[in-house]
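Residue numbers (this note's numbering), protein chains in the order written: chain P, 275 to 489; chain H, -6 to 3. Beta carbons: idealized from backbone N, C-alpha and C, even for Gly.
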Amino acid sequence: MNVFRLTGDMTHLASILVLLLKIYATKSCSGISLKTQELYALVFLARYLNLFTDFISVYNTVMKLVFIGSSLAIVWCMRMHKMVKRSYDQELDTFRHYFLIAGCFLLALLVNEKFMFPEVLWAFSIYLEAVSTIPQLVLLQRSGNVDNLTGQYVFLLGAYRALYILNWIYRYFTEPHFSRWIACVAGLVQTALYADFFYYYFLSWKNNAKLQLPS
Amino acid sequence: GKKNKKKDEL
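Here's what the structure looks like:
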């Protein structure tokens, strides 16, 4: 474990806590893409299959349970909770995310570390996570003004993977035989997708103005 | 040495 990965995990956890706070405090999920939440739930379920077979550490197990539990709870809330689901921007959240799932699965069959079921699913979860934020970014551009908590949620979600890239660079130089090229390339794509969001988020912070994404 | 195959990251 290194400082980049730990702050990365804490940033990821913070993004989930901010999202839970927004939904719980405002009883609203306006501006949040249900499709991105469903993709993230699928990412965690596909990646953490080894939850009960490979014990890495208490930290690792606890975080996996938190990520799976929170992502499923958010999807359940947005689909079932009568007050929350009323505020869901159904007509704006129309990105066809099933194509993302199919595409990532095909890519995982072709490009993986080893053509074994767990490895293919792991690669699938890595590719899917890289593109899972697209419905959310599309929704933000369509909905124009972004409330603070939603903006902070998306910012933290993007920042965590940037910290993981620093972690991979650090591990590459400090650990012999360390290679996570699949995760690293996908992580670079994932972080690049946030580039313009980061730019407008920085502008809104610098000018102390409301976060506005050009539609 | 053995490549660290374990997926120790989240």
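Where the alpha helix (DSSP H) through P:Ala483 begins and ends = Premise fails: P:Ala483 is in no alpha helix (DSSP H) and is neither H nor E.
According to DSSP, which residues form a beta bridge with P:Asn419?
-> Within the DSSP secondary-structure output, P:Asn419 pairs in a beta bridge with P:Gln486.
Can the beta-carbon of P:Leu467 be found closer than 8 Å to that of P:Ser478?
-> It is not a contact, given that the beta carbons lie outside the stated cut-off.
Rounded to whole angstroms, what's the CA-CA distance from H:Glu2 to P:Asn334? Just pull it up for me.
-> Cα-Cα distance, rounded: 8 Å.
Taking P:Leu293 as the reference, which of P:Leu384, P:Asn422, P:Leu380 has the closest Cα?
-> Taking P:Leu293 as reference, the option from P:Leu384, P:Asn422, P:Leu380 with the minimal CA-CA separation is P:Asn422.
For the candidate residues P:Phe472, P:Gly377, P:Trp455, P:Ile348, whose alpha-carbon lies nearest to that of P:Thr310?
-> Checking every option, the nearest Cα to that of P:Thr310 belongs to P:Ile348.
Contacting residues, own chain, Cβ-Cβ under 6 Å from P:Met354 (five flanking each side not counted) | For P:Met354, same chain residues with a beta-carbon under 6 Å away, outside a window of 5 residues either side, do not exist.
Would you verify that the beta carbon of P:Trp396 is, or is not, closer than 8 Å to some beta carbon of chain H?
-> Yes - at least one Cβ of chain H is within 8 Å of the one on P:Trp396.
CB contact check: P:Arg279 to chain H, cutoff 8 Å | P:Arg279 counts as touching chain H.
What's the C-alpha gap between P:Leu395 and P:Ile342?
-> Distance from the CA of P:Leu395 to the CA of P:Ile342, rounded to the nearest whole angstrom, comes to 16 Å.
Is the CB-CB distance between P:His286 and P:Tyr427 below 8 Å?
-> No, they are not a contact pair.
Exposed or buried, which one is P:Glu449 when buried takes at least 16 other CB atoms within 10 Å?
-> Flag for P:Glu449 reads exposed.
Applying a beta-carbon distance threshold of less than 7 Å, which residues of chain H neighbour P:Asn386?
-> Under the 7 Å cutoff, chain H gives no residues; its nearest Cβ is about 13 Å from P:Asn386.
Use the C-beta contact count for P:Arg370: other C-beta atoms within 10 angstroms, 16 or more gives buried, fewer gives exposed.
-> Classification for P:Arg370: exposed.
Mark P:Ser399 as exposed unless 16 or more other C-beta atoms lie within 10 angstroms of its C-beta, in which case mark it buried.
-> Around the C-beta of P:Ser399, 16 or more other C-beta atoms lie within 10 Å, and the residue is accordingly described as buried.
Have a look at P:Ser307, P:Gly425, P:Leu414 and flag the residue whose alpha-carbon is nearest the alpha-carbon of P:Ala483.
-> It is P:Gly425.
Backbone CA spacing between P:Ile408 and P:Val463 [nearest angstrom] | Cα to Cα, the separation comes out at about 11 Å.
Where P:Tyr468 sits in the DSSP three-state scheme | In the three-state DSSP reduction, P:Tyr468 falls in the coil class, being neither helix nor strand.
Separation of P:Tyr473 from P:Met275, as counted between CA atoms | Straight-line measurement puts the Cα of P:Tyr473 at about 30 Å from the Cα of P:Met275.
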